[in-house]
Amino acid sequence: MYLDQKEKEAIFKKHGKSAQDTGSAEGQIALFTYRINHLTEHLKNNRKDFNTERSLVKLVGKRRALLDYLTKKDIMRYRAIVKELGLRK
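Quick note, this note's numbering runs 1306 ahead of the 1-based positions in the sequence shown.
Given below as structure tokens:
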């Protein structure tokens, strides 16, 4: 499996308040970004995998919704997570 429990804990520890803080917007955005990057690499090799493509689009939408929430709630947290993950080019 590409995402085991230790990797998840490391992501939440780095981007959330703690390893157990799985509900914070920053932690969820970081996890979605990790999964999006993995699915993007998969689709580069498997172009006709439409189920994965659909999953990728849904994940991007979820991440976008969380980013929109952070924009409304606290713009500084939004800017910090975008800069940390390198989402804007």
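The beta-carbon is built from N, C-alpha and C at its ideal position, and this holds for glycine as well. All of these numbers come straight from a predicted model, not from anything done at the bench.
- Contact annotation, residue 1342 with residue 1376: C-beta distance approximately 17 Å; criterion of less than 8 Å not satisfied.
- Counting every other CB atom within 10 Å of its CB across the protein chains shown gives residue 1346 a total below 16, marking it as exposed.
- Every candidate beta strand (DSSP E) stretch fails here, since none sits fully inside the segment 1344-1385 while reaching 3 residues.
- Leaving aside the five residues that flank residue 1336 on each side, the residues in its chain whose CB is nearer than 6 Å to its CB run, in chain order, 1317, 1321.
- The Cβ atoms of residue 1381 and residue 1331 lie no closer than 9 Å to each other.
- For the pair residue 1391 and residue 1328, the CB atoms are not nearer than the 9 Å cut-off.
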